[in-house]
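**Q** Note that the numbering used here has the sequence shown beginning at 40, numbered continuously upward.
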Amino acid sequence: MGKFDRYLLQQLLMLFGFFCLLLTLIFWVNRAVTLLDWLMGDGQSVATFFRLSLLSLPGVIVNLLPIAGFIAAVYATNRLSSESELVVVQAAGYSPYRMARPVIIYGLIVTAMVAMLAHVLEPLANREQEVRRVEISRDVTARLLTEGTFVHPVSGVTFYVREITPAGELIDVYLSNSRNADQRQSFTARRALIVEENNEPLLLMFDGAAQVYNLETKALAITRFESFAYGLGDWLQPADTPRWRTRTLTTAQLISRPADVLAQSQATPQEMVTEIHSRNNRAFMGLAASLLGFSALLVGGFSRFGLWRQIFLGVVIMVAIKSLDNSVAAMVERTPAKWPLLYLVNVIGVAASFGLLWLAAHPHLDLGRARRARAARMEAS
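What follows is the structure, given as structure tokens:
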């Protein structure tokens with residue numbers, strides 16, 4: 040590898056790391072807000088929030104790496120051009136294809152990183168996320184017992200407790216159930232306990248009152264009680280044990296144990312094959328995006344006014360490729376037998392990149408430059 044190759048590769052990798060970190064923070068914060076709202080509504084701790092948010096990072100990063108690779112390639116190439124380094128390299132006899140060699144190496148590095156995430160780390164994180172979510176759904180105490188806060192474990196149910204003693208006794212409890220279309224139920228109690236009977240959670244309330252409002256007759260019935268047991272099983276039913284899904288299994292597991300996967304995930308063989316090829320497609324997007332970001336900026340040559348036209352061209356092509364990729368992915372999800380179309384998008388991206396390199400290697404075919412040259416000669420005459 041020559042000095043230019045090492046220099047350009049070093050610049051690309053440094054910028055790639057910066058943009059990857061920046062984009063990950065932006066998208067992770069956006070996802071963390073939704074996750075925080077869900078967890079706080081269920082009364083979970085901050086530690087649970089950070090654990091689940093960290094587990095969501097592989098899924099965020101795997102989709103951002105190709106974009107970061109494209110932006111880094113555009114930024115590095117634009118800086119080399121603005122500092123006339125590309126002009127010097129081209130004057131030394133480097134063709135666009137030769138200058139693209141370190142970019143291809145860089146794209147393969149991005150591809151390897153995406154492949155590691157898509158085939159191994161993201162499925163493991165998805166598996167752990169499902170296990171944690173099941174644990175949260177089973178944790179009745181955490182979903183209800185938050186001092187001084189109105190919580191909504193399910194739609195139409197509101198629960199409030201003013202204080203929880205060290206012995207686990209609930210002080211000043213309020214429970215409202217408006218899920219019934221015919222009536223509204225409200226319960227208040229000075230003390231309460233949450234116990235289990237026959238694997239079903241019960242709320243034992245002491246020294247309180249029950250109010251039932253009939254929506255049809257507009258009648259309100261109030262009943263005072265010394266003790267009352269209210270079953271929570273209908274809206275706090277523990278979740279089942281997490282089952283295997285193709286998205287929660289690594290590619291090695293999908294290939295080595297297909298019979299077990301098909302039996303426990305209830306997926307079809309075609310869906311399992313599609314999942315593997317979908318991961319491969321996301322990995323190869325890293326190469327296509329990186330090469331496109333470099334080749335688009337070589338078209339048109341050096342200009343004192345910058346390369347904003349080339350940058351705009353590269354962005355337009357990249358957006359078109361990503362849109363096509365999303366459309367094909369949605370179509371393949373509906374019809375798994377069409378999985379070969381997944382690779383078509385990356386083939387188009389790489390072909391477009393080499394087409395731009397070919398145009399850069401044949402500047403005499405630049406019709407826009409020829410028109411500008413003719414216009415300049417006419418003005419001079």
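Just so it is clear, CB atoms sit at the ideal spot from N, CA and C, and this is done for glycine as well. From a predicted model like this one, the values you see are computed outputs, not experimental measurements.
Compare the Cα-Cα distances from E186 to each of Y199, P192 and V193 and report the closest residue.
**A** Selected option, being the one with the closest Cα: Y199.
**Q** Does the Cβ of E202 have 16 or more other Cβ atoms within 10 Å, making it buried, or fewer, making it exposed?
**A** Per the 10 Å Cβ criterion, exposed.
**Q** Please go through the stretch 159-222 and give each complete alpha helix (DSSP H) segment of 4 or more residues, from N-terminal end onward.
**A** As far as the stretch 159-222 is concerned, its whole alpha helix (DSSP H) runs of at least 4 residues are 161-177 and 179-183.
**Q** Would DSSP call V338 helix, strand or coil?
**A** Note: V338 maps to coil in three-state DSSP.
**Q** Skipping 5 residues on each side, what residues in its chain have a beta carbon closer than 7 Å to that of T290?
**A** Contacts found: H158, I315 and R318.
**Q** Would a C-beta distance cut-off of 8 Å place Y212 and A228 closer than the cut-off?
**A** Before going on, a small fix: residue 212 reads as Val here, not Tyr. Yes, the Cβ-Cβ distance between V212 and A228 is below 8 Å.
**Q** Would you please verify whether the beta carbon of V190 is less than 8 Å from any beta carbon of chain D?
**A** Of the chains in the structure shown, none is chain D; there is only one protein chain.
**Q** Pull up the DSSP beta-bridge partners for Q129, would you.
**A** Partner(s): none; Q129 has no beta bridge.
**Q** For L395, collect the residues of the same chain with a Cβ closer than 6 Å to its Cβ; drop the 5 residues on either side in sequence, then sort them by chain order.
**A** Contacts found: S334, A335 and V338.
**Q** For a test of the three-state rule: what should DSSP assign to G146, helix, strand or coil?
**A** In this structure, G146 counts as helix in the three-state DSSP scheme.
**Q** Grab the span of the beta strand (DSSP E) containing L259 for me, first residue to last.
**A** Taken as a continuous stretch (DSSP letters only), the beta strand (DSSP E) holding L259 covers L259 to G270.
**Q** Quick check: what's the CA-CA separation for M152 versus A322?
**A** So the alpha carbons of these two residues sit roughly 8 Å apart.
**Q** Do you know offhand how far W397's Cα is from A359's?
**A** Roughly 21 Å between the two C-alpha positions.
**Q** Just to check my reading of the structure: L147 and L326 have Cβ atoms closer than 8 Å, yes? What is that Cβ distance to the nearest angstrom?
**A** The Cβ separation is near 6 Å, so the contact holds.
**Q** Could you name the residues of the same chain whose beta carbon sits closer than 8 Å to that of S120, not counting the 5 residues immediately before and after it, in chain order?
**A** Counting only Cβ-Cβ distances below 8 Å, and skipping sequence neighbours, we find V126, L336, F341 and L346.
**Q** Just to confirm my understanding: we take P141, look at its own chain, exclude 5 residues before and 5 after, and list those with CB closer than 6 Å. What are they?
**A** Once the five neighbours on either side are set aside, the close Cβ partners of P141 are D44, L47 and L48.
**Q** Residues in its own chain within less than 8 Å of Q168 by CB, not counting five upstream and five downstream?
**A** For Q168, where only same-chain residues beyond five positions count, the Cβ hits under 8 Å are L91, L94 and S95.
**Q** Tell me R230's beta-bridge partners as DSSP assigns them.
**A** The partner list for R230 (beta bridge, DSSP) reads I210 and F245.
**Q** Around the Cβ of N365, are there at least 16 other Cβ atoms within 10 angstroms (buried) or fewer (exposed)?
**A** So N365 counts as exposed.
**Q** What are the residues that DSSP puts in a beta bridge with V384?
**A** DSSP output for V384 lists no bridge partner at all.
**Q** How is the alpha helix (DSSP H) around Q305 delimited, first residue to last?
**A** Q305 -> no alpha helix (DSSP H), and no H or E assigned at all.
**Q** Using only the alpha-carbon positions, how far apart do A278 and A206 sit?
**A** Unreliable placement is indicated for A278, whose pLDDT of 48 sits below 50; no coordinate value is reported for it.
**Q** Mapping the DSSP letters down to three states, classify S225 as helix, strand or coil.
**A** S225 falls in the strand class under three-state DSSP.
**Q** So, using beta-carbon positions, are L156 and V101 closer together than 8 Å?
**A** Yes, Cβ-Cβ distance for L156 and V101 is below 8 Å.
**Q** In angstroms, rounded to a whole number, what distance separates the CA positions of L406 and V354?
**A** Note on L406: pLDDT 48, under 50, position unreliable in the model; no value is reported.
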